[in-house]
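Novice:
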Amino acid sequence: MAVQVVFRNRFLPYLLVAPQAAVTLVFFFWPAAQGMRQSLLREDAFGLSTEFVGLDNYVEALTDPRYLDTFLRSVAMSALVAFLSMSTALLLAAMADRAVRGGRAYRTLLIWPYAVAPALAGVLWFLMFNPTIGVVGVGLNRMGIAWNPYLDGAQAFVLVTVAASWKQVSYNFVFFLAGLQAIPAALIEAAAIDGASPFRRFWTIVFPLLAPTSFFLLVVNVVYAFFETFAVIHATTQGGPGGATETLVYKVFNDGFIGLDLGGSAAQSAVLMAIVAALTVAQFRLLDRKAGA
Amino acid sequence: MVENRPFLGLIRHTVLIAGVLLLALPVWLAFVASTQEGGRLLSGDVTLWPSGHFLQTYGAVLFEGMRSAGVPPVGRMMLNSLAMAVLIAVGKIAISLLSAFAIVYFRFPLRKTIFWMIFLTLMLPVEVRIVPTFQVVAGLGLLDSTAGLVLPLIASATATFLFRQFFLSVPPELAEAARIDGAGPMRFFADILVPLSRTNIAALFVILFIYGWNQYLWPFIATTDEAHYTVVMGIQRMVAVPDSEPIWNLVMATAILGMLPPVAVVVAMQKLFVKGLVDSEK
């Protein structure tokens with residue numbers, strides 16, 4: 048990573064990194080350290096006294112059966128969002144690849160949802176799934192399926208998952224398309240000459256070659272589903288009904304800001320931080336592999 | 635095209651059109667809802683075509699907002715969103731250009747430490763440090779201010795790494811030539827490095843503008859004064875009205891207006907957008 052020509056100056060480099068370093072220290076590391084400290088403390092209900100409780104907050108948070116439920120729910124949501132948005136995006140990218148008439152127009156019409164804020168995506172689907180005025184909700188009820196995400200937890204979960212997946216299709220589409228276009232045409236042509244059908248060519252050549260892209264997207268999608276779904280949930284179901292759409296991030300927010308259990312919330316934050324760290328490391332490992340290939 | 639199979643072409647177009655329609659459907663229905671009269675929406679007959687109340691609804695939302703729910707005019711909230719998005723994008727780009735320049739072109743004792751410090755911010759998204767960050771910003775007296783909205787989001791490992799990567803690909807002869815001609819480091823930075831980074835800066839700006847505009851959790855927590863609401867978080871106050879049904883036509887008009895600027899940016903600058911998206915993940 049070394050560039051040969053280097054400027055010599057004793058103070059300038061510090062001046063140059065000062066703004067970034069200052070923001071990082073004040074708004075990232077200082078709060079993170081405070082969070083760690085809070086996770087070891089307990090405050091009484093009036094905030095008058097605090098005592099050191101060691102790892103009690105962690106033990107309490109992790110042994111709470113609701114926490115386990117929330118954890119499993121978050122994992123299920125991530126898996127579903129990743130699967131739905133990635134499979135849809137792969138199908139669309141495979142169709143939009145190569146010389147298809149109107150390719151540019153299709154691409155434009157498939158990537159714009161990336162720009163829609165998760166909160167707004169949630170609101171759009173909230174309306175569609177509304178049992179009395181939404182097209183899908185009313186349709187389902189007319190078909191005899193009792194549909195009401197306000198009351199039914201599983202249906203609220205579907206609402207959040209679908210809204211989050213809808214928004215993510217575009218992102219995955221961009222990367223799958225880039226991955227497809229990086230595959231040499233000669234490979235496909237050779238297989239075609241050997242008589243392999245388009246379907247066979249896709250599964251035996253294209254799909255395996257997309258593996259690095261797919262793994263990378265899987266990590267990104269899991270991170271997205273863990274964190275960005277907060278806005279979808281908060282703007283629509285608010286974690287309800289009965290906690291059916293509460294995710295790990297939502298619980299941190301809810302326990303900290305609404306429940307005012309700062310220690311418990313901070314302990315959960317620390318656990319989340321560990322999850323993000325693991326995912327970030329996984330992402331960088333994958334990228335190294337991709338760069339080396 | 636490897637071979638000519640008309641049937642396959644038909645399948646391609648069918649799938650693509652289905653995908654386009656599926657992605658557009660929620661927005662179309664939101665638009666339809668936003669053009670209905672408020673009362674008619676609640677009566678329960680579902681329509682798929684817009685009706686004539688476009689101007690009334692959008693006029694009301696843009697210039698009046700929803701006072702009963704404590705929501706300021708959407709026009710006002712959009713200006714706040716614009717300010718936040720531009721400041722976050724420009725701020726992230728500026729401080730990342732400077733720190734990448736220092737890391738690539740200088741050797742100084744804390745260089746490695748700073749590099750890892752920036753890297754570690756990737757592991758601290760707002761959602762994870764939300765309560766203590768709120769306390770820090772409150773302690774600095776920055777709640778309900780533009781600085782408080784922008785500063786906690788402005789550090790950027792992604793942008794720093796992107797510029798670092800780009801600077802490493804710039805031929806070292808350029809810096810050498812500049813030095814021989816007597817140009818100092820800042821002169822080299824401003825007259826050569828930044829102009830060379832033009833395309834990267836533009837691509838990153840597109841991505842970061844969308845990122846900034848779409849922020850939800852932080853503006854929600856850092857603003858209590860309606861005057862500072864942004865449109866993406868403000869809509870929540872219209873949806874979560876206690877004990878009554880949201881006024882859907884106003885909510886949907888707000889949603890459409892709130893997604894218009896970033897969507898327009900993506901459509902207008904598609905090439906830069908794709909470049910920015912793919913580059914910033916490297």
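One line per chain: the protein sequences are A and B, in this order. Position 286 of the first sequence, counted from 1, bears residue number 333 in my numbering, the numbering being contiguous throughout. Position 133 of the second sequence, counted from 1, bears residue number 767 in my numbering, the numbering being contiguous throughout. Where a beta carbon is used, it is the ideal one built from N, C-alpha and C, also for glycine.
Could you tell me which whole beta strand (DSSP E) segments of length 3 or greater appear in the segment 75-119 of chain A?
Specialist: Counting only runs of 3 or more, we get 88-90 and 97-99.
Novice: Thinking S827 (chain B) and V804 (chain B) are a contact (beta carbons under 8 Å), I'd like their distance in whole angstroms, please.
Specialist: Locating residue 827 (chain B) in the second sequence gives position 193, where the first residue counts as 1. Locating residue 804 (chain B) in the second sequence gives position 170, where the first residue counts as 1. A quick correction: the sequence has Leu, not Ser, at residue 827 (chain B). Yes, L827 (chain B) and V804 (chain B) are in contact; Cβ-Cβ is about 7 Å, under 8 Å.
Novice: Do the segment 148-157 of chain A and the segment 258-267 of chain A make contact, defined as three or more Cβ pairs closer than 8 Å?
Specialist: no
Novice: Measuring alpha carbon to alpha carbon, tell me which residue in A:A193, A:D144, A:G289 and A:V100 is nearest G643 (chain B).
Specialist: On the second sequence, residue 643 (chain B) is found 9 positions in, with the first residue counted as 1. Considering only alpha carbons, the answer is A:D144.
Novice: Based on the DSSP output, what are the partners of V705 (chain B) in its beta bridges?
Specialist: Residue mapping note: residue 705 (chain B) aligns to position 71 of the second sequence, counting from 1. Beta-bridge pairing links V705 (chain B) to B:M700.
Novice: Taking the alpha carbon of L163 (chain A) as the point to measure from, which residue in B:V912, B:M903 and B:I890 has its own alpha carbon closest?
Specialist: Numbered from its first residue, the first sequence carries residue 163 (chain A) at position 116. It is Val, not Leu, that sits at residue 163 (chain A) in the sequence shown. The option with the nearest alpha carbon to V163 (chain A) is B:I890.
Novice: Kindly indicate which three-state DSSP category I788 (chain B) falls into: helix, strand or coil?
Specialist: Indexing the second sequence from 1 puts residue 788 (chain B) at position 154. Residue state, collapsed to three classes: coil.
Novice: Quick one: does R332 (chain A) have its CB under 8 Å from some CB of chain B?
Specialist: Along the first sequence, one-based indexing puts residue 332 (chain A) at 285. By this cut-off, R332 (chain A) is not an interface position.
Novice: Residues in its own chain within less than 8 Å of P160 (chain A) by CB, not counting five upstream and five downstream?
Specialist: Here residue 160 (chain A) is taken as the residue at index 113 of the first sequence, counted from 1. Once the five neighbours on either side are set aside, the close Cβ partners of P160 (chain A) are A168, W213, K214, V216 and S217.
Novice: Quick check: L333 (chain A) and T283 (chain A), are their CB atoms within less than 8 Å of each other?
Specialist: Residue numbering aside, residue 333 (chain A) sits at position 286 when the first sequence is read from its first letter. Residue numbering aside, residue 283 (chain A) sits at position 236 when the first sequence is read from its first letter. It is not a contact, given that the beta carbons lie outside the stated cut-off.
Novice: For G287 (chain A), return the contacting residues in chain B, with the cut-off set at a CB-CB distance below 7 Å.
Specialist: For the purposes of this step, residue 287 (chain A) is taken as the residue at position 240 of the first sequence. Result: empty, since nearest Cβ-Cβ is about 11 Å, beyond 7 Å.
Novice: Name the chain A residues whose beta carbon is nearer than 7 Å to that of W882 (chain B)?
Specialist: Indexing the second sequence from 1 puts residue 882 (chain B) at position 248. Near W882 (chain B) (Cβ distances below 7 Å), the residues of chain A are L174 and I180.
Novice: Go to V616 (chain B), then tell me how far its alpha helix (DSSP H) extends in each direction, as first and last residue.
Specialist: This structure cannot speak to residue 616 (chain B), because chain B is shown only from 635 to 916.
Novice: Alpha carbon to alpha carbon, what distance is there between P660 (chain B) and E236 (chain A)?
Specialist: Translated into positions along the first sequence, residue 236 (chain A) becomes position 189. Translated into positions along the second sequence, residue 660 (chain B) becomes position 26. Those two C-alpha atoms are separated by around 39 Å.
Novice: In chain order, what residues of the same chain have a beta carbon less than 6 Å from the beta carbon of A291 (chain A), not counting five sequence neighbours either side?
Specialist: For this step, residue 291 (chain A) is matched to residue 244 along the first sequence. These residues qualify, in order along the chain: G200, A203 and F204.
Novice: State the Cα-Cα distance for the pair H647 (chain B) and N268 (chain A), rounded to the nearest angstrom.
Specialist: In the second sequence, counting from the first residue as 1, residue 647 (chain B) sits at position 13. In the first sequence, counting from the first residue as 1, residue 268 (chain A) sits at position 221. Using only the alpha carbons, I get a separation of about 27 Å.
Novice: Mind pulling the chain B residues with CB within less than 8 Å of M124 (chain A)?
Specialist: Counting from 1 along the first sequence, the entry for residue 124 (chain A) is found at position 77. Ordered by position in chain B, no residue passes the 8 Å Cβ test against M124 (chain A), which lies about 15 Å from the chain.
Novice: Do you know offhand how far L756 (chain B)'s Cα is from L187 (chain A)'s?
Specialist: As a working mapping, residue 756 (chain B) is identified with position 122 in the second sequence. As a working mapping, residue 187 (chain A) is identified with position 140 in the first sequence. Roughly 42 Å separates the two Cα atoms.
Novice: Does W77 (chain A) come within less than 8 Å of chain B when only Cβ atoms are used?
Specialist: Numbered from 1 along the first sequence, position 30 holds the residue referred to as residue 77 (chain A). Taking Cβ atoms only, chain B reaches closer than 8 Å to W77 (chain A), which makes this a yes.
Novice: Could you tell me which chain B residues have their CB closer than 8 Å to the CB of A313 (chain A), listed as they occur along the chain?
Specialist: Position 266 of the first sequence, counted from the start, is the residue given in the question as residue 313 (chain A). By Cβ distance, chain B contributes V765 and P766.
Novice: What are the start and end residues of the alpha helix (DSSP H) that includes D913 (chain B)?
Specialist: Position 279 of the second sequence holds residue 913 (chain B). Segment Q904 to D913, the alpha helix (DSSP H) holding D913 (chain B).
Novice: Alpha carbon to alpha carbon, how far is V279 (chain A) from K905 (chain B)?
Specialist: For this step, residue 279 (chain A) is matched to residue 232 along the first sequence. For this step, residue 905 (chain B) is matched to residue 271 along the second sequence. Rounded to the nearest angstrom, the two C-alpha atoms are 28 Å apart.
Novice: Could you check whether P60 (chain A) and F742 (chain B) sit closer than 8 Å to each other, using their CB atoms as the reference points?
Specialist: As a first step, residue 742 (chain B) is located in the second sequence; it is residue number 108 there, counting from the start. As a first step, residue 60 (chain A) is located in the first sequence; it is residue number 13 there, counting from the start. Yes, the Cβ-Cβ distance between F742 (chain B) and P60 (chain A) is below 8 Å.
Novice: When the cut-off is 8 Å and only beta carbons count, does L619 (chain B) lie next to chain A?
Specialist: Outside the displayed span of chain B (635 to 916) sits residue 619 (chain B), for which this structure offers no information.
Novice: Hey, is V53 (chain A)'s beta-carbon within less than 8 Å of any beta-carbon in chain B?
Specialist: Here residue 53 (chain A) corresponds to residue number 6 of the first sequence, with the count starting at 1. Interface residue, yes.
Novice: I'd like to check one pair, I869 (chain B) with L300 (chain A): are the Cβ atoms closer than 8 Å?
Specialist: As a working note, residue 300 (chain A) is residue 253 in the first sequence. As a working note, residue 869 (chain B) is residue 235 in the second sequence. Note that residue 300 (chain A) is Phe in the sequence shown here, rather than Leu. Contact flag unset, no.
Novice: Compare the beta carbon distance of I748 (chain B) and V64 (chain A) with 8 Å and say whether it is the shorter of the two.
Specialist: One-based indexing of the second sequence puts residue 748 (chain B) at position 114. One-based indexing of the first sequence puts residue 64 (chain A) at position 17. Yes, the pair counts as a contact, with Cβ atoms nearer than the cut-off.
Novice: Taking C-beta to C-beta, are F331 (chain A) and A789 (chain B) nearer than 8 Å?
Specialist: By one-based count along the first sequence, residue 331 (chain A) stands at place 284. By one-based count along the second sequence, residue 789 (chain B) stands at place 155. No, the pair does not count as a contact, with Cβ atoms beyond the cut-off.
Novice: Mind checking P640 (chain B): buried by the 16 CB within 10 Å criterion, or exposed?
Specialist: Indexing the second sequence from 1 puts residue 640 (chain B) at position 6. Exposed.
Novice: Enumerate in chain order the residues of its own chain whose CB-to-CB distance from S125 (chain A) is below 7 Å, with the five nearest sequence positions on each side excluded.
Specialist: As a position in the first sequence, residue 125 (chain A) is number 78, starting the count at 1. For S125 (chain A), the CB contacts under 7 Å within the same chain, skipping 5 residues up- and downstream, are V269, A272 and F273 in chain order.
Novice: Under 7 Å Cβ to Cβ from G709 (chain B), same chain only, skipping five residues before and after it: list those, please.
Specialist: As a first step, residue 709 (chain B) must be located in the second sequence, where it is residue number 75. For G709 (chain B), where only same-chain residues beyond five positions count, the Cβ hits under 7 Å are L696 and F697.
Novice: Ignore the nearest five residues each way along the sequence and tell me which others in F173 (chain A)'s own chain have a CB closer than 6 Å to its CB.
Specialist: Your numbering for residue 173 (chain A) matches position 126 in the first sequence. Apart from sequence neighbours up to five positions away, the residues of its chain that approach F173 (chain A) with a beta-carbon distance below 6 Å are T283, ordered along the chain.
Novice: May I ask you to report which of helix, strand or coil DSSP gives H687 (chain B)?
Specialist: Start at 1 with the first residue of the second sequence, and residue 687 (chain B) comes out as number 53. Looking at H687 (chain B) - three-state DSSP - the assignment turns out to be coil, as it is neither helix nor strand.
Novice: Alpha carbon to alpha carbon, what distance is there between A694 (chain B) and F118 (chain A)?
Specialist: One-based indexing of the first sequence puts residue 118 (chain A) at position 71. One-based indexing of the second sequence puts residue 694 (chain B) at position 60. Looking at the two C-alpha atoms, the distance is approximately 43 Å.
Novice: Taking only beta-carbon positions, decide if N56 (chain A) is within less than 8 Å of chain B.
Specialist: As a first step, residue 56 (chain A) is located in the first sequence; it is residue number 9 there, counting from the start. Cβ-Cβ to chain B under 8 Å: yes for N56 (chain A).
Novice: Any Cβ of chain A within less than 8 Å of the Cβ of L758 (chain B)?
Specialist: Taking the first residue of the second sequence as 1, we reach residue 758 (chain B) at position 124. L758 (chain B) counts as touching chain A.
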